[in-house]
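Following: one structure in structure tokens, then a few remarks.
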Amino acid sequence: MDFKLTDEQVKLRKEFYDVCKDLEKRKPHGFAGLESIYDTDEGWEYHLYCAREYAKKGWISIGWPPEYGGKGTIGDKVFFAEARGYYDLPGIDIFGPEMLAPTLLGVGNEELNKRFLPGIASGEVQWCELWSEPNAGSDLASLTTSAVRKGNEYIINGQKIWSTGAHRAHWAFALVRTDPHAPKKQMGITFILFDMRTPGVTVKPLYYMDRAHVYNEVFLDDVHVPVENVVGQENEGWRVTQLLAGFERSSLGAIMMMLRQLEELVRYCNETKVGGKLLAHDPLIRNRLAQMACEIEALRCLGYRIADAQERNEMAGFEASGVHILASELQERLSWLGADILGPYGQVKRSRWSPFDGWYEKWYQQSFVLFIAMGTNEIQRNIISWYGLGLPRMK
Ligand SMILES: Cc1cc2nc3c(=O)[nH]c(=O)nc-3n(C[C@H](O)[C@H](O)[C@H](O)COP(=O)(O)OP(=O)(O)OC[C@H]3O[C@@H](n4cnc5c(N)ncnc54)[C@H](O)[C@@H]3O)c2cc1C
Numbered sequence: 018m019d020f021k022l023t024d025e026q027v028k029l030r031k032e033f034y035d036v037c038k039d040l041e042k043r044k045p046h047g048f049a050g051l052e053s054i055y056d057t058d059e060g061w062e063y064h065l066y067c068a069r070e071y072a073k074k075g076w077i078s079i080g081w082p083p084e085y086g087g088k089g090t091i092g093d094k095v096f097f098a099e100a101r102g103y104y105d106l107p108g109i110d111i112f113g114p115e116m117l118a119p120t121l122l123g124v125g126n127e128e129l130n131k132r133f134l135p136g137i138a139s140g141e142v143q144w145c146e147l148w149s150e151p152n153a154g155s156d157l158a159s160l161t162t163s164a165v166r167k168g169n170e171y172i173i174n175g176q177k178i179w180s181t182g183a184h185r186a187h188w189a190f191a192l193v194r195t196d197p198h199a200p201k202k203q204m205g206i207t208f209i210l211f212d213m214r215t216p217g218v219t220v221k222p223l224y225y226m227d228r229a230h231v232y233n234e235v236f237l238d239d240v241h242v243p244v245e246n247v248v249g250q251e252n253e254g255w256r257v258t259q260l261l262a263g264f265e266r267s268s269l270g271a272i273m274m275m276l277r278q279l280e281e282l283v284r285y286c287n288e289t290k291v292g293g294k295l296l297a298h299d300p301l302i303r304n305r306l307a308q309m310a311c312e313i314e315a316l317r318c319l320g321y322r323i324a325d326a327q328e329r330n331e332m333a334g335f336e337a338s339g340v341h342i343l344a345s346e347l348q349e350r351l352s353w354l355g356a357d358i359l360g361p362y363g364q365v366k367r368s369r370w371s372p373f374d375g376w377y378e379k380w381y382q383q384s385f386v387l388f389i390a391m392g393t394n395e396i397q398r399n400i401i402s403w404y405g406l407g408l409p410r411m412k
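For the sequence shown, this note's numbering begins at 18 and goes up steadily by one.
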């Protein structure tokens, strides 16, 4: 891979960073991470504001075909993700631009593309993912939410769970069972889109241990959805979901977020004395910061390699699993490092006494969710062992 950027890329990258730096100045006080997007009205408004600002520049649809308003390359998309990650900015809900849009483009139904891509590109329509159920997580193909066809509609009944941002989203993409008698459970599933305001959709909060509202249960009682909202063919939803496996989504943003956090920890250690001695003079702390810097840099190179493979359509699905595992585990170790460096202050909730606005108190407890969301790390390791190493599947 050639790491040298063209003059145009250098210019565009600078523009991404400049715009993101400006948007950071408008961040509500204490805004940090995914939780802040969905938990409060203020955070949600800021998310939508950022989305509109990106949309004005055509940045939400970077990498899409020009006929749908797209421009630029996967590389440009990566630089944009990096800039957003560095400033920890919202504005791109992973579900619409990162998951549904590439899926729609991959399936290639022009009518669906014309109906749904403009709302994603403009940031006006925000999406949620209704896949997991109380008895279908890692084994997603066991899902039981049913969709029975009647004339030109499906009537959907069932329950979804862990639905991130479903209380804010305008539309949902869901997996439903359309053939309960299919010979294999993967074969009777359909991928369908519906408006979250459709009668019969009830969203109930699942609060975090700190009472933040990010996740939900969604109950579907006789929800009528037109058949033209199916993505792909009836009973072929599993194949549609497989399209997503090859998209490396958010790791470079997360990696840049880590880089920024590391920079801030270094600054803190250079400014803070404990027992009359600067933390930056403590050999153990220096060692751990340096180790973290190496690991972040290595992961960043891997992220670029994968983005480059994706650009050339040469990416294997298991490679994204590798980055997912490494990025999530590194984020957890960074949260431990921050909490260790802050000592007792690392346990203080957001207040004037807590450095970094209480980020490490929160993140130390929550970073493990990254091992679960979007497929657990155990499942990612299974994918690597099957597809990457050719090991046999376990029953
Ligand atoms: C932060 C967060 C956000 C989420 N957002 C959404 C969302 O927006 N929409 C949505 O639909 N879902 C969402 N989820 C749900 C997520 O996709 C599931 O939690 C995940 O797939 C795991 O399913 P589960 O919780 O049922 O655990 P289970 O599948 O019950 O797994 C329990 C444990 O067993 C292990 N395990 C299971 N099967 C195997 C196996 N074959 N080999 C080895 N180990 C195995 C798992 O790794 C895990 O450690 C979210 C989850 C989290 C944590």
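Yeah, the Cβ is synthetic: ideal placement off N, Cα and C, and Gly gets one too.
Small disclaimer: the values here were computed from a predicted structure and weren't measured.
Which residues does DSSP list as the beta-bridge partners of Trp144? Paired residues: Trp188.
Tell whether a beta-carbon distance below 8 Å holds between Met275 and Gln364. no
Measuring only the C-alpha atoms, how far is Leu306 from Glu59? One C-alpha to the other measures close to 34 Å.
Could you say which of Ala100, Ala98 and Tyr85 lies nearest to Tyr130 if we only look at CA atoms? Strictly speaking, residue 130 in this sequence is Asn, with Tyr absent from that position. Residue Tyr85 is the option with its Cα nearest to Asn130.
Whole-angstrom Cβ separation of Trp144 and Gly113, contact assumed at under 8 Å? Yes, they are in contact, since the Cβ atoms of Trp144 and Gly113 sit about 4 Å apart, within 8 Å.
Quick one: grab the DSSP three-state call for Phe208. strand
Asn246 classed as buried or exposed, judged by whether at least 16 other C-beta atoms fall within 10 angstroms: buried
Burial state of Met273 (16 or more Cβ within 10 Å): buried
Check whether the Cβ of Tyr104 lies closer than 7 Å to any heavy atom of ligand 1, and answer yes or no. no
Who does Pro243 pair with in a DSSP beta bridge? Glu170
For the beta strand (DSSP E) holding Lys221, just list the boundary residues, first then last. Val218 to Tyr224
Quick one: residues in its chain with C-beta nearer than 7 Å to the C-beta of Val120, no 5 flanking neighbours on either side, listed in chain order? It is worth fixing the name first, because residue 120 is Thr in this sequence and not Val. Within its own chain, the residues whose Cβ lies closer than 7 Å to the Cβ of Thr120, once the five positions on either side in sequence are excluded, are Val248, Val257, Leu260 and Leu261, listed in chain order.
For Cys311, verify whether its CB is less than 7 Å away from any heavy atom of ligand 1. no
Whose C-beta lies closer than 6 Å to the C-beta of Asp212 among residues of the same chain, with five residues either side of it excluded? Trp188, listed in sequence order.
Classify Met309: buried if its beta carbon has 16 or more other beta carbons within 10 angstroms, exposed otherwise. buried
DSSP puts Gln176 in a beta bridge; with which residues? Partner(s): Phe236.
Do you know how far the Cα of Glu288 is from the Cα of Ile401? 43 Å
Over what stretch of residues does the alpha helix (DSSP H) that includes Met273 continue unbroken? In this chain, the alpha helix (DSSP H) harbouring Met273 covers Ser268 to Glu288.
Through-space distance from Ala118 to Tyr328, alpha-carbon basis: In the sequence as displayed, the identity of residue 328 is Glu instead of Tyr. Distance between the alpha carbons of Glu328 and Ala118 is about 16 Å.
Buried or exposed by the 16-neighbour rule on C-beta atoms within 10 Å, applied to Phe48: The residue in question, Phe48, is buried, as its Cβ has 16 or more Cβ neighbours within 10 Å.
Going by other Cβ atoms of all chains shown within 10 Å of its Cβ, with 16 needed for buried, is His184 buried or exposed? buried
DSSP beta-bridge partners for Lys366? In the DSSP output, where bridge partners are listed per residue, Lys366 has none listed.
Does ligand 1 have even one heavy atom less than 7 Å from the beta-carbon of Cys286? Set against 7 Å, the gap from the CB of Cys286 to the closest heavy atom of ligand 1 is not smaller.
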